[in-house]
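Q: At position 18 of the sequence shown (counting the first as 1) the number is 18 in full-length UniProt numbering, and the numbers step up by one without a gap. Starting off with a structure, shown below.
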Amino acid sequence: MVNLCLYGFPNEEWEVNLPAEEVPLELPEPALGISFARDGMQERDWLSLVAVHSDAWLLSVALYFGARFGFDKTERERLFNMMNDLPSIFEVMAVIAKRQSKENSSVSNNSIHRPKSSSKGVK
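Put into structure tokens, the structure is as follows:
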């Protein structure tokens, strides 16, 4: 089984791909092995797991840089509040999944409840 990593890009797109050859040693390691659970899970559940692991890694990187740059209590609190002002990857994914679920159910409801056309003209 190949280890995979989640990559985020500045254009807000994401990609699951092989890990980079060289990751800076000082950065916290992302959780490897997100691909191990993939085979035994439904796609939505696996993506949720990847999102949660990604959120945890992003928090660890943010706190690492806070410590590295010598943030005091006030600066760490400000960083924490700034992070909490934004949705997590998991929250974004949940909103998208909910929207897709609503769209799929409305499409199937429309096809089920669509009135049958009659041969007579309707005025």
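Don't be surprised by glycine CBs; every beta carbon is placed ideally from N, CA and C.
In angstroms with no decimal places, state the Cα-to-Cα distance between G40 and Y64.
A: 33 Å
Q: Can you list, in chain order, the residues of its chain with a C-beta nearer than 6 Å to that of W57? Leave out the 5 residues immediately preceding and following it.
A: Hits under 6 Å: P30.
Q: Tell me, which residues are paired with Y7 by DSSP?
A: E15
Q: Leaving out five residues before and five after N17 in sequence, what residues of the same chain have Cβ atoms less than 7 Å from its Cβ?
A: Cβ neighbours of N17 beyond the five flanking positions: L4, C5 and Y7.
Q: Can the beta-carbon of I89 be found closer than 9 Å to that of S54?
A: Yes, Cβ-Cβ distance for I89 and S54 is below 9 Å.
Q: Between which two residues does the alpha helix (DSSP H) carrying S60 extend?
A: Where S60 is concerned, the enclosing alpha helix (DSSP H) stretches over E43 to R68.
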